[in-house]
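Peer 1: There's a structure below that I have some questions on.
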Amino acid sequence: MLSVSIDGISTMNVRTNAPAAELFPSFGTIAEIRVSEVNNAAEFGGVSDITTVSRGGTNQLHGGLFENHQNTALNARNPFSSAKTKTIMNNYGVFVGGPLTVPHLHNGKDKTFFFASYEGLQLPRETFINHSVPSLALRNGDLSAYSGVIRDPVTGAPFPNNQIPAERISPVSRASLQYLFPLPNTGPANAIANNYSVNMPTPITSNQGDFRIDQNMSTRQTMFVRTTYKKRDVDDAPTATQSVIAGAAHKPERYVSITAAHNFVITPQLINELRIGVSDVRALTSTDVPARDLIAKIGVPLPDPPDGSATPTVTINGFQPTGTATTSVSRSRTLQLLDNLSWNRGAHTLKFGGDIRPMTAYFSNVFSSDRAGKYTFNGSVTNSIIGNPYAAFLLGIPDTTGIGLVNATDSNGHSVHYAVYAQDDWKASSRLTVNYGMRWEYHPPFTDVLNNIAVVLPDVYSIVNGTFVRGAVAVPDDGYVLTHPFFAASLAPTPILTATQAGIPQQLHRSDKSSFAPRIGFAWRPFADGKTVIRAGYGRFIEAMLGTLTSAGWGISASHVGTYTNSIVDGRPTLAFPYPYPANLAQPGTQNIRVSADVNYRDPYVQQWNLTIERDLGFSSGLRLSYDGNHGSNLGYSENLAQIPANTIGFAAAKSSSPFPLFSRIAQETTGARSNYHAVTTAINKRMSRGLQFGANYTFARNLSNGQGFNPTAFATQAGGYVTDPYNIGLDYGNVAFTHRQRFLATFLYELPFGATGPLHQVIGGWQVSGIVLYQTGPFMTVVAPGADPMGTNFANLEGAGRADIIPGVPLYPDNKSISLWINKAAFAVPKNNIGRAGNSPVSSVVGPGTQAVSLSLLKSFSISERIRFQLGAAASNAFNHPNYTTPNLNYGTAAFGTITSVQTAEGAGSRQIQITSRMVF
167 MLSVSIDGIS
177 TMNVRTNAPA
187 AELFPSFGTI
197 AEIRVSEVNN
207 AAEFGGVSDI
217 TTVSRGGTNQ
227 LHGGLFENHQ
237 NTALNARNPF
247 SSAKTKTIMN
257 NYGVFVGGPL
267 TVPHLHNGKD
277 KTFFFASYEG
287 LQLPRETFIN
297 HSVPSLALRN
307 GDLSAYSGVI
317 RDPVTGAPFP
327 NNQIPAERIS
337 PVSRASLQYL
347 FPLPNTGPAN
357 AIANNYSVNM
367 PTPITSNQGD
377 FRIDQNMSTR
387 QTMFVRTTYK
397 KRDVDDAPTA
407 TQSVIAGAAH
417 KPERYVSITA
427 AHNFVITPQL
437 INELRIGVSD
447 VRALTSTDVP
457 ARDLIAKIGV
467 PLPDPPDGSA
477 TPTVTINGFQ
487 PTGTATTSVS
497 RSRTLQLLDN
507 LSWNRGAHTL
517 KFGGDIRPMT
527 AYFSNVFSSD
537 RAGKYTFNGS
547 VTNSIIGNPY
557 AAFLLGIPDT
567 TGIGLVNATD
577 SNGHSVHYAV
587 YAQDDWKASS
597 RLTVNYGMRW
607 EYHPPFTDVL
617 NNIAVVLPDV
627 YSIVNGTFVR
637 GAVAVPDDGY
647 VLTHPFFAAS
657 LAPTPILTAT
667 QAGIPQQLHR
677 SDKSSFAPRI
687 GFAWRPFADG
697 KTVIRAGYGR
707 FIEAMLGTLT
717 SAGWGISASH
727 VGTYTNSIVD
737 GRPTLAFPYP
747 YPANLAQPGT
757 QNIRVSADVN
767 YRDPYVQQWN
777 LTIERDLGFS
787 SGLRLSYDGN
797 HGSNLGYSEN
807 LAQIPANTIG
817 FAAAKSSSPF
827 PLFSRIAQET
837 TGARSNYHAV
847 TTAINKRMSR
857 GLQFGANYTF
867 ARNLSNGQGF
877 NPTAFATQAG
887 GYVTDPYNIG
897 LDYGNVAFTH
907 RQRFLATFLY
917 ELPFGATGPL
927 HQVIGGWQVS
937 GIVLYQTGPF
947 MTVVAPGADP
957 MGTNFANLEG
967 AGRADIIPGV
977 PLYPDNKSIS
987 LWINKAAFAV
997 PKNNIGRAGN
1007 SPVSSVVGPG
1017 TQAVSLSLLK
1027 SFSISERIRF
1037 QLGAAASNAF
1047 NHPNYTTPNL
1057 NYGTAAFGTI
1067 TSVQTAEGAG
1077 SRQIQITSRM
1087 VF
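Using this note's numbering, the letters of the sequence shown correspond one by one to residues 167 to 1088.
What follows is the structure, encoded as structure tokens:
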């Protein structure tokens, strides 16, 4: 729950509720960055707040030029790549500010000021990728690399030497290998894991302009207007679940931020601050793969292939999936009106304010990738007959298939959020200050102006043509989907109700008006010397769901998705290439509502408390001991409403026990998850004196939640993760992925004590060395068993790979842990199917590699004249090039399990990079 703003105006992305990082001003235009991690006053909505204050002009002209350069020749090689990734970065700019004077028209001295900057970036970089693809032998039907027996589904007899005859290989499978999977180029010829690598071009180009003008209207009134405009073109490498065959995703982006502010000193004790602003982000995403041409080449006739770019998603256990980014346009826009009134009254400083935010979340071509087809080969159905998922792929017999048919391609959500607050900072005595306040937030649901949204109502019961039906689908009264015949056909006999008929708002969600957020804290100096301070505080913080619920509404009306599970009877599959779908795509029991949202969705919230003891140690240094805790309540998570209870008779036999037997999957976003965080931090800091300043802190943290889903691979989004069992979400309670249990961070800056004066100063004086030292334990990870169905719920096909079993008493890590085997294979097992429970290994049961990174910088300052200085420096991230590895492959039972194929990149932990910096200021 982080809030980020520039000059008080939010820069949070409406669709994702994450900071729009590229809206950050150029560094030369920044006056101050304020970071508040705990004890946020009622003025702020987030648990933590980052506020950037822009720089204004003065009566004196001042500015500068800068250039930052990185070059492949200076950088270290990724240890997994045979060649360095190309990096030739040029980041350059100019900034200038002063009085705004127009000869003969206006003298800006003491009245009107400006500050302007330009910043450009040219980065023709490459990104290293390492994937697993079918070997040449596998492509030709030679599966002798697999140890298990592979059988002919028609006769039940083993294929001799695990060799599938060429005439038995499906033409669609051959075409998929040709057009969706690259040829292996790394490792031994018989390697079937981590055998493809490439340095993929992923260039970035951007141009940014910042401008601010200040006006002193009188001795009591000032105002300013600031604007940022950034145009950015970036190519993003495929993610871990996307194919490399389509290359990088092209993303031209545009960012705009505008702020107008007025400060009015009504009386010396009464001051008003008014802010009006807008943040606007637009992006286009596409690849170089024309969807319709590719689908035609592969040979599966689809009823409604997408326009633009997309690829069919072929998922085979042990190999890279083949989905790609699809053509889409997105937009996030926030208008904001913010007013704060401060009143100093004796020992009290009172502050009141309000915040109004009209917001837009737009997205085009929603879920178009569904229309390209999905084919999963995980062995959940075929292993018992054929014995190997890749063999089933060659034979053209998938375990499950999926197809989407789009009803409405665009969504355009709008809402207005409100907040008001009051707070008081009371100086109770010379040693004690108490602050307390109350904040109230109101987040009405988003309205889609195109009416392309829908929601599932699970507790509606009806009789349709003599059939008992549980559930209904509600749409806005003017909902577009009411006019689309396939929408009704795919849901039949489930009734479709208008919002008025269902008795719910047109936004399809009820509003939560109970979001009060009290805050209280104190700072106390217990001793007369004033060197010890005790601080403590408590606060309740509300999570604004922004566009998440609108996105959930698209999942029904925007795209119908059928999920079809195969069966093999007497060697004959019901689904097989070249057309692996049933004749009736809308048959009951196969329909998949991709995502809906609870109509009674309530605002999540976090309660935070903390206690800090600070002591001035003298010599410009201080010690801090702190405890921080928080408890998240009503957090988001996602569930399959149609999931059957865990059983021992298998999915096919137990399907009739589904609460919604007419559907294969009803994915619903709801609330009710929780989290618990506790951390102890020790910190020591020294302010600049005698040329030295430093800070160091060590944190021990424990973070647990049941809302991150069955297989968390990153911090959970607002919607949370999909739970293993909606009847018992406690099964997913565990360490939060990517929370580091222990973390040490130190920074320092030292002005070298020689050459300060005298004739040699320009040569040996003015040197400054600084650095960052980071040590932390690795992230928590979850081991999964693709294709296994221990609960008998078809979970592997409907949601994804569930957790593996853990073997009691066996060490989780091998004695000689390495990148070739980070996890002990003997500590886990694939759970048997239909045993009435989930895999018993906990969420986040293992820990990945930690981080050790020391980054150093050396800077030399030259005085060219009294007003002009030139700085030249070099900075090295991970200066000693310590290899910091990413998480290993966690798919138990595959050839790549436990292996590590890449290095970290965040927080300067990647392979060493050296940057040359130059700057001239006046």
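In this text, a Cβ means the ideal position worked out from N, Cα and C, and glycines have one as well.
Assign Val950 to one of three DSSP states: helix, strand, or coil.
Peer 2: Against the sequence shown, residue 950 aligns to sequence position 784. Note: Val950 maps to strand in three-state DSSP.
Peer 1: Spatial neighbours of Gly896 within its chain, please: CB distance less than 7 Å, with the 5 preceding and 5 following residues excluded, ordered by chain position.
Peer 2: Within the sequence shown, numbered from 1, the residue matching residue 896 stands at position 730. Asn872, listed in sequence order.
Peer 1: Please look up how many angstroms separate the CB atoms of Ala1040 and Ile1066, rounded, as I've assumed it's under 8 Å.
Peer 2: Taking the first residue of the sequence shown as 1, we reach residue 1040 at position 874. Taking the first residue of the sequence shown as 1, we reach residue 1066 at position 900. With a Cβ gap of about 30 Å, Ala1040 and Ile1066 do not count as contacting.
Peer 1: Using the Cβ count rule (16 or more neighbours within 10 Å means buried), how would you classify Val630?
Peer 2: Numbered from its first residue, the sequence shown carries residue 630 at position 464. The residue is exposed, with fewer than 16 neighbouring Cβ atoms inside 10 Å.
Peer 1: Could you round the C-beta distance between Ile832 and Ile759 to whole angstroms and report it? I think they count as a contact, below 8 Å.
Peer 2: Here residue 832 corresponds to residue number 666 of the sequence shown, with the count starting at 1. Here residue 759 corresponds to residue number 593 of the sequence shown, with the count starting at 1. Yes, Ile832 and Ile759 are in contact; Cβ-Cβ is about 5 Å, under 8 Å.
Peer 1: In the DSSP assignment, find the unbroken alpha helix (DSSP H) run with Gln753 in it and report its ends.
Peer 2: As a first step, residue 753 is located in the sequence shown; it is residue number 587 there, counting from the start. Run containing Gln753: none; DSSP gives neither H nor E here.
Peer 1: Is the separation between the beta-carbon of Ala359 and that of Ala1061 shorter than 8 Å?
Peer 2: Along the sequence shown, read from residue 1 onward, the residue named residue 359 stands at position 193. Along the sequence shown, read from residue 1 onward, the residue named residue 1061 stands at position 895. Cβ distance < 8 Å, so Ala359 and Ala1061 count as in contact.
Peer 1: Please go through the same chain and pick out, in chain order, the residues whose beta-carbon is closer than 8 Å to the beta-carbon of Val338, but skip the five residues on each side of it.
Peer 2: Counted from its first residue, the sequence shown places residue 338 at position 172. Ile464, Gly465, Val466, Gly562, Phe743, Pro744.
Peer 1: Can you grab the Cα-Cα spacing for the pair Ala186 / Thr218, in whole Å?
Peer 2: Indexing the sequence shown from 1 puts residue 186 at position 20. Indexing the sequence shown from 1 puts residue 218 at position 52. Cα to Cα, Ala186 sits roughly 13 Å from Thr218.
Peer 1: Tell me the rounded alpha-carbon separation between Thr293 and Pro456.
Peer 2: For the purposes of this step, residue 293 is identified with residue 127 of the sequence shown, where counting begins at 1. For the purposes of this step, residue 456 is identified with residue 290 of the sequence shown, where counting begins at 1. Looking at the two C-alpha atoms, the distance is approximately 23 Å.
Peer 1: Which residues mark the beginning and the end of the alpha helix (DSSP H) in which Phe817 is found?
Peer 2: Position 651 of the sequence shown, counted from the start, is the residue given in the question as residue 817. Phe817 -> alpha helix (DSSP H) spans 817–820.
Peer 1: What does the Cβ neighbour count give for Glu285, buried or exposed, with the cut at 16 atoms within 10 Å?
Peer 2: The count along the sequence shown starts at 1 and reaches residue 285 at position 119. Classification of Glu285: buried, given that the 10 Å Cβ count is 16 or more.
Peer 1: Is it buried or exposed, Asp625, if we count other Cβ atoms within 10 angstroms and call 16 or more buried?
Peer 2: Counting from 1 along the sequence shown, the entry for residue 625 is found at position 459. Exposed: under 16 other Cβ atoms inside 10 Å.
Peer 1: Check Ala967 in the structure and name its three-state DSSP category.
Peer 2: Position 801 of the sequence shown, counted from the start, is the residue given in the question as residue 967. DSSP places Ala967 in coil when its eight states are reduced to three.
Peer 1: Which of the three DSSP states is assigned to Lys517 in this structure?
Peer 2: Counting from one through the sequence shown, the residue named residue 517 turns up at place 351. Lys517 falls in the strand class under three-state DSSP.
Peer 1: Among all the DSSP beta bridges, which residues are the ones paired with Arg781?
Peer 2: What you label residue 781 is simply residue 615 of the sequence shown in a count that begins at 1. DSSP output for Arg781 lists Thr698, Leu789 as bridge partner(s).
Peer 1: Can you look up Lys463 in the DSSP assignment and give me helix, strand or coil?
Peer 2: Along the sequence shown, read from residue 1 onward, the residue named residue 463 stands at position 297. If DSSP states are grouped into helix, strand and coil, Lys463 belongs with the helices.
Peer 1: Count the other CB atoms, across all protein chains shown, that sit within 10 Å of the CB of Leu712; report buried if there are 16 or more and exposed otherwise.
Peer 2: To locate residue 712, count along the sequence shown from 1; it is residue 546. Leu712 is buried by the Cβ-count criterion.
Peer 1: How many Å lie between Tyr421 and Val582 at the Cα?
Peer 2: Looking up residue 421 in the sequence shown gives position 255. Looking up residue 582 in the sequence shown gives position 416. So the two alpha carbons sit approximately 21 Å from each other.
Peer 1: Tell me, please, which residues DSSP counts as bridged to Val422.
Peer 2: Here residue 422 refers to the residue found at position 256 of the sequence shown. Partner(s): Tyr395, Asp446.
Peer 1: Thr814 to Arg1003, Cα distance in whole Å?
Peer 2: Taking the first residue of the sequence shown as 1, we reach residue 814 at position 648. Taking the first residue of the sequence shown as 1, we reach residue 1003 at position 837. Their Cα atoms are separated by approximately 9 Å.
Peer 1: Starting from Thr666, follow the alpha helix (DSSP H) in both directions and report where the run begins and ends.
Peer 2: Position 500 of the sequence shown, counted from the start, is the residue given in the question as residue 666. 665–668 is the span of the alpha helix (DSSP H), which, as asked, contains Thr666.
Peer 1: Quick one: Cα of Gln673 to Cα of Ser530, how far?
Peer 2: Your numbering for residue 673 matches position 507 in the sequence shown. Your numbering for residue 530 matches position 364 in the sequence shown. Spanning the two alpha carbons is a distance of roughly 19 Å.
Peer 1: Give me, in chain order, the residues of the same chain whose beta-carbon lies closer than 6 Å to that of Asp521; leave out the 5 immediate sequence neighbours on both sides.
Peer 2: By 1-based counting over the sequence shown, the position of residue 521 is 355. Hits under 6 Å: Leu504, Ala585.
Peer 1: As an exercise, report each continuous beta strand (DSSP E) stretch of at least 3 residues that is fully enclosed by the stretch 334–376, in chain order.
Peer 2: Here the runs fully enclosed are 362–367.
Peer 1: Quick one: which unbroken beta strand (DSSP E) runs of 3-plus residues sit fully inside the stretch 603–675? Chain order, please.
Peer 2: With a minimum length of 3 residues, the continuous beta strand (DSSP E) runs that stay inside the stretch 603–675 are 621–630, 633–641, 662–664.
Peer 1: Start and end of the alpha helix (DSSP H) containing Tyr767?
Peer 2: Position 601 of the sequence shown, counted from the first residue, corresponds to residue 767. Premise fails: Tyr767 is in no alpha helix (DSSP H) and is neither H nor E.
Peer 1: Counting along the chain, where does the alpha helix (DSSP H) carrying Ala558 start and finish?
Peer 2: On the sequence shown, residue 558 is found 392 positions in, with the first residue counted as 1. Element bounds for Ala558: 555–561.
Peer 1: Where do the N-terminal and C-terminal ends of the beta strand (DSSP E) with Ala115 fall, by residue?
Peer 2: Here the chain covers residues 167 to 1088 and nothing more, so residue 115 does not appear.
Peer 1: Classify Gln667 as buried or exposed, calling it buried when 16 or more other Cβ atoms lie within 10 Å of its own Cβ.
Peer 2: By 1-based counting over the sequence shown, the position of residue 667 is 501. Result: exposed.
Peer 1: Looking at the secondary structure, which residues open and close the beta strand (DSSP E) in which Gly687 lies?
Peer 2: The residue labelled residue 687 in the question sits at position 521 within the sequence shown. Per DSSP, Gly687 belongs to the beta strand (DSSP E) from 681–690.
Peer 1: Using 8 Å as the Cβ pair cut-off and three pairs as the minimum, do the stretch 728–735 and the stretch 326–336 touch?
Peer 2: Taking 8 Å as the limit for Cβ pairs, the verdict is that the stretch 326–336 does not touch the stretch 728–735.
Peer 1: DSSP on Arg458, reduced to helix/strand/coil?
Peer 2: By one-based count along the sequence shown, residue 458 stands at place 292. Reduced to three states, the DSSP call for Arg458 is helix.
Peer 1: Taking Cβ positions, are Leu777 and Leu783 nearer each other than 8 Å?
Peer 2: Residue mapping note: residue 777 aligns to position 611 of the sequence shown, counting from 1. Residue mapping note: residue 783 aligns to position 617 of the sequence shown, counting from 1. Result no, Cβ atoms of Leu777 and Leu783 do not sit closer than 8 Å.
Peer 1: Which term fits Ile432, buried or exposed, when burial requires 16 or more other beta carbons within 10 angstroms of its beta carbon?
Peer 2: As a position in the sequence shown, residue 432 is number 266, starting the count at 1. Exposed, by the Cβ-count rule.
Peer 1: Please list, in chain order, all residues of the same chain as Arg701 whose beta carbon is under 6 Å from its beta carbon, the five residues on each side excluded.
Peer 2: Along the sequence shown, one-based indexing puts residue 701 at 535. The answer, listed in chain order, is Ala689, Thr778.
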